[in-house]
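S.K.: Chains as they are written, first to last, in our numbering: chain A, 1 to 473; chain B, 1001 to 1436.
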């Protein structure tokens, strides 16, 4: 790989071109933290061990906590241990969310079993709030003028990833079908149908991981802006693609059934409804911010839990609704920064809980079973993503920075992909469970690898606080 | 009503509660004990309108535990302080002694009533009477501050009462640790006595408080501090719940440890204080919804005995205080002005109901609720009257007790009083949007 193009230092008076504005952040920039000395690290390590020890001791003294009995301890532990683990991994330049996940994996039901499945599920209910905040922030980061400026690049990237990427990853899955016990006995058309579904799944990205990295690093610059805009807008495309693929794959998988537009119809209803409700919600939120502007934390919690529940009941997509709401607040009112500030105050806590829970959820026994095939699928996805990102950047005549590093933010996968795999499992119960297991195994790799790559690329591109603090930047 | 609607209702209450502590809002709105939310919960609960089912309320048990713990954390952080001023050591000891005496008298009365009229065994009697004694021992600091802020009271008697009300929370909170230790629910690798369990309760809180203080470090960063404080306190709540310990005692010790060790006690207090009312109101609603008066054996007599003992204890407290210089001009009924209970009392009642479901827990919660409602009618008017007689309330102050609507009213700058005699109390709270 050739050395990365360097970014010239910005004059101090010029505001960084950044992703729409500074992403919601609750963490100090990397450079500030780098100053933490050995004694601080030792103290943090000691306290992390203390918390592990306490939870271990208590879980042995009271092994059966009863319903909800372990929830508070799990939540508190994940918050503290995730934060401390991320701090301890910082000298290795690893992203914070790797630390959050490491703490979750270690304490979770598959390793030390300090947190059981029930507690993990209980804590996961916080994810509704986390996802809504992430989506609101993501939408609010998308400024119309920024999208307009990078429209050409975005269009090329979207077109290539959704077509060639989809086709290539479908092909890889189909080629590997003999390695997968649940596909091996299938006839060729059915196996191709499953491969199509995999292709749709593989082109999805992770808005939460992208925002978490941007939040931690406070990265600002063309790479951060391009990645954020692509990942947030690709959400919509990916959902449409999944519906289309499901409709196309059904006749291949279920002999006798025909291509039906019913799924497309319901997708259209879901998307248009989500956009309409998101617009209304955004306007109401902007009005609230303008007229009252207080107790935003409580308002956001109410939105996160209440609105998500209502949207689920109405069969609308909560993620899309909140993205649109954030987008409306940012672009149709002057309250975008206020919203970003409000979400930013909670971002640190939300990301810790979200990713530490994801770590605790990580099914290591399953990963042990499926890792060879998952690894093949993951590596081919990385290669395809890299190639297509380079090609689309070249076609759109993007600056060298995007051409070189544009792929790095597109590797992460997390909640969105898992949600899509759940939809596929429900739509095709015959092979849904092993298909989802494979998806979980692949996401596990991407969830760990993706953020590390993206942060590394941002550092190398000179867009993070750490990079800007380095001599020569 | 399903859980999500209940959650929305609780958030609405929290929203309203947070306006009560807004930086420039007029203070002294609502009832000092928050009893209106208790009554609302009772009305909505399974024994009245039935809009809240018992199972729905049970789903919120972790929140109730956490809320009670959070109240104790706020009390712990503020223990020994009135605002940023330290309470005199003499008053700290006096407040603790008076609450010990009041609690003991009430526990004795309830023990006698239950022994005579119920079929409880000795262990249950001890738990029940002790729980009621612990819950009803305090005078809520909110009521004293509420009267002082609402009526612009200031002077030596106001200061004394504020300090006593602040100091009398430790004894009942510590007593709950001992009472919970009578029925341990976890198994330690070693044999532990009740005192050992109580020490473990305090030790756990102190250890995690110390850890939090260390993590808060020398430089105070608001965002990081919220993560540390929430993480450590929720862990403390979770561990103590899992061990069957008193979450309130653990978190009280946690708060005291931070206040003692951390150089950022004032900043932490400024962060946390505005959240107390936000947490308290949903907590009171849940407490109200859990009330089951039918489950209390010989309910009328037990409640009557507890109230009579409390009136006696606080009356005697007032008479004893009149011997001191600041209270010399106060009327003989001064002690009855200290009858208000609130956050600590109801939180103790609630954690008893959660830890000892059945007649023990129900009795403690019902008596705590009855004491709070009774105190609400008697305490603030008599306290106001006592302070007026002592010359610490200006004659022009004629505000009514109940204010109809608790939303924020911001006075124009010209209409605001200059900073002149500020009542001893917490400094104006910062806007709570700083919360995470």
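Beta carbons are placed, not taken as given, at the ideal position from N, Cα and C, and that holds for glycine.
Would you mind telling me which residues of chain B sit closer than 7 Å to residue 50/A, beta carbon to beta carbon, in chain order?
M.R.: Position 50 of the first chain holds residue 50/A. 1211, listed in chain order.
S.K.: So is residue 1009/B in contact with chain A if we call contact Cβ pairs under 7 Å?
M.R.: As a position in the second chain, residue 1009/B is number 9, starting the count at 1. No, its Cβ sits nowhere closer than 7 Å to a Cβ of chain A.
S.K.: Spell out whether any CB of chain A is found under 7 Å from the CB atom of residue 1328/B.
M.R.: Counting from 1 along the second chain, the entry for residue 1328/B is found at position 328. Judged by the 7 Å Cβ criterion, residue 1328/B is not in contact with chain A.
S.K.: Bridge partners for residue 1081/B per DSSP, in chain order?
M.R.: Taking the first residue of the second chain as position 1, residue 1081/B is located at position 81. Bridge partners of residue 1081/B: 1086/B.
S.K.: Could you check whether the Cβ of residue 58/A sits closer than 7 Å to any Cβ belonging to chain B?
M.R.: In the first chain, residue 58/A corresponds to position 58, counting from 1. It does: the Cβ of residue 58/A has a partner Cβ on chain B nearer than 7 Å.
S.K.: For a contact meaning CB atoms closer than 9 Å, what does residue 1373/B contact in chain A?
M.R.: In the second chain, the residue the question calls residue 1373/B occupies position 373. Ordered by position in chain A, no residue passes the 9 Å Cβ test against residue 1373/B, which lies about 27 Å from the chain.
S.K.: Determine, using beta carbons only, whether residue 1313/B and residue 1157/B come nearer to each other than 7 Å.
M.R.: Numbered from 1 along the second chain, position 313 holds the residue referred to as residue 1313/B. Numbered from 1 along the second chain, position 157 holds the residue referred to as residue 1157/B. No, the Cβ-Cβ distance between residue 1313/B and residue 1157/B is not below 7 Å.
S.K.: Tell me where the alpha helix (DSSP H) around residue 1140/B begins and ends.
M.R.: Start at 1 with the first residue of the second chain, and residue 1140/B comes out as number 140. Run containing residue 1140/B: none; DSSP gives neither H nor E here.
S.K.: Could you tell me whether the segment 1113-1126 of chain B touches the segment 1325-1335 of chain B, where touching means 3 or more Cβ pairs closer than 8 Å?
M.R.: no
S.K.: Runs of 4 residues minimum, wholly inside the segment 162-196 of chain A: which ones carry the alpha helix (DSSP H) assignment?
M.R.: 166-175
S.K.: Going by DSSP in three states, residue 445/A sits in which element: helix, strand or coil?
M.R.: Taking the first chain and counting its residues from 1, the one referred to as residue 445/A is at position 445. Residue state, collapsed to three classes: helix.
S.K.: What does residue 1065/B touch in chain A if you count any residue whose Cβ is under 8 Å from its own?
M.R.: Here residue 1065/B is taken as the residue at index 65 of the second chain, counted from 1. Here the neighbours are 72.
S.K.: Less than 8 Å between the CB atoms is what I'm expecting for residue 1077/B and residue 1259/B, so what's the real figure, rounded?
M.R.: Here the question's residue 1077/B lines up with position 77 in the second chain. Here the question's residue 1259/B lines up with position 259 in the second chain. Correct: roughly 5 Å between the Cβ atoms.
S.K.: Taking 7 Å as the CB-CB limit, is residue 65/A close to chain B?
M.R.: The residue labelled residue 65/A in the question sits at position 65 within the first chain. It does: the Cβ of residue 65/A has a partner Cβ on chain B nearer than 7 Å.
S.K.: Output needed for residue 411/A: all residues of its chain with C-beta closer than 8 Å, excluding positions within five of it in sequence on either side, in chain order.
M.R.: By 1-based counting over the first chain, the position of residue 411/A is 411. Same-chain partners within the cutoff: 381, 382, 385, 446, 449, 450, 453, 454.
S.K.: Tell me the DSSP secondary structure of residue 536/A in three-state form.
M.R.: An answer regarding residue 536/A cannot be provided, because it is not within the stretch 1 to 473 covered by chain A.
S.K.: Quick check: is the beta carbon of residue 1235/B nearer than 7 Å to any beta carbon in chain A?
M.R.: Counting from one through the second chain, the residue named residue 1235/B turns up at place 235. Yes, its Cβ sits closer than 7 Å to a Cβ of chain A.
S.K.: Hey, would you say residue 1253/B sits closer than 7 Å to residue 1194/B, going by beta carbons?
M.R.: Stepping through the second chain from its first residue, residue 1253/B is reached at position 253. Stepping through the second chain from its first residue, residue 1194/B is reached at position 194. No, the Cβ-Cβ distance between residue 1253/B and residue 1194/B is not below 7 Å.
S.K.: Would you give the residue range spanned by the alpha helix (DSSP H) that residue 354/A belongs to?
M.R.: Residue mapping note: residue 354/A aligns to position 354 of the first chain, counting from 1. It spans 336-361 - the alpha helix (DSSP H) in which residue 354/A sits, taken as one unbroken run.
S.K.: Sort 1384/B, 1087/B, 1173/B, 1109/B by Cα distance to residue 1308/B and report the nearest one.
M.R.: By one-based count along the second chain, residue 1308/B stands at place 308. For residue 1308/B, the nearest C-alpha among the options comes from 1109/B.
S.K.: What residue range does the alpha helix (DSSP H) around residue 101/A cover?
M.R.: By 1-based counting over the first chain, the position of residue 101/A is 101. Here the alpha helix (DSSP H) through residue 101/A covers 96-107.
S.K.: Who are the neighbours of residue 1187/B on chain A, taking C-beta pairs under 7 Å?
M.R.: For the purposes of this step, residue 1187/B is taken as the residue at position 187 of the second chain. Residues of chain A passing the Cβ test: 61.
S.K.: For residue 359/A, would you say it is in contact with chain B, using Cβ-to-Cβ distances shorter than 7 Å as the test?
M.R.: Taking the first residue of the first chain as 1, we reach residue 359/A at position 359. Not one chain B Cβ lies under 7 Å of residue 359/A.
S.K.: Do residue 225/A and residue 146/A count as a contact pair if the criterion is CB distance below 7 Å?
M.R.: For the purposes of this step, residue 146/A is taken as the residue at position 146 of the first chain. For the purposes of this step, residue 225/A is taken as the residue at position 225 of the first chain. Taking 7 Å as the Cβ cut-off, residue 146/A and residue 225/A qualify as a contacting pair.
S.K.: From this set, 40/A, 137/A, 126/A, which residue's C-alpha is nearest residue 89/A's C-alpha?
M.R.: Translated into the one-based positions of the first chain, residue 89/A becomes position 89. Nearest C-alpha to residue 89/A: 40/A.
S.K.: Would you list, in sequence order, the uninterrupted alpha helix (DSSP H) runs of no fewer than 4 residues that lie entirely inside the segment 125-155 of chain A?
M.R.: 126-141, 144-149
S.K.: Against chain B, with Cβ distances strictly below 7 Å, would residue 83/A count as a contact?
M.R.: Position 83 of the first chain, counting from 1, holds the residue named residue 83/A. True, the Cβ-Cβ gap to chain B drops below 7 Å.
S.K.: Give a yes or no on whether the C-beta atoms belonging to residue 441/A and residue 374/A are separated by under 7 Å.
M.R.: Stepping through the first chain from its first residue, residue 441/A is reached at position 441. Stepping through the first chain from its first residue, residue 374/A is reached at position 374. For residue 441/A and residue 374/A, yes; Cβs fall inside 7 Å.
S.K.: For a quick check, are the C-beta atoms of residue 1201/B and residue 1159/B less than 7 Å apart?
M.R.: One-based indexing of the second chain puts residue 1201/B at position 201. One-based indexing of the second chain puts residue 1159/B at position 159. Not a contact, by the Cβ cut-off of 7 Å.
S.K.: Measuring only between beta-carbons, confirm whether residue 1238/B sits less than 7 Å from chain A.
M.R.: Along the second chain, one-based indexing puts residue 1238/B at 238. By this cut-off, residue 1238/B is an interface position.
S.K.: When you compare only the Cα positions, how much space is there between residue 153/A and residue 229/A?
M.R.: By one-based count along the first chain, residue 153/A stands at place 153. By one-based count along the first chain, residue 229/A stands at place 229. For residue 153/A and residue 229/A, the distance between alpha carbons rounds to 10 Å.
S.K.: Let me see if you follow: with CB-CB separation under 7 Å, is residue 1231/B close to chain A or not?
M.R.: The residue labelled residue 1231/B in the question sits at position 231 within the second chain. Yes - at least one Cβ of chain A is within 7 Å of the one on residue 1231/B.
S.K.: Can you tell me which of the three DSSP states residue 1123/B falls into?
M.R.: Here residue 1123/B corresponds to residue number 123 of the second chain, with the count starting at 1. The answer is helix: DSSP assigns residue 1123/B an H, G or I state.
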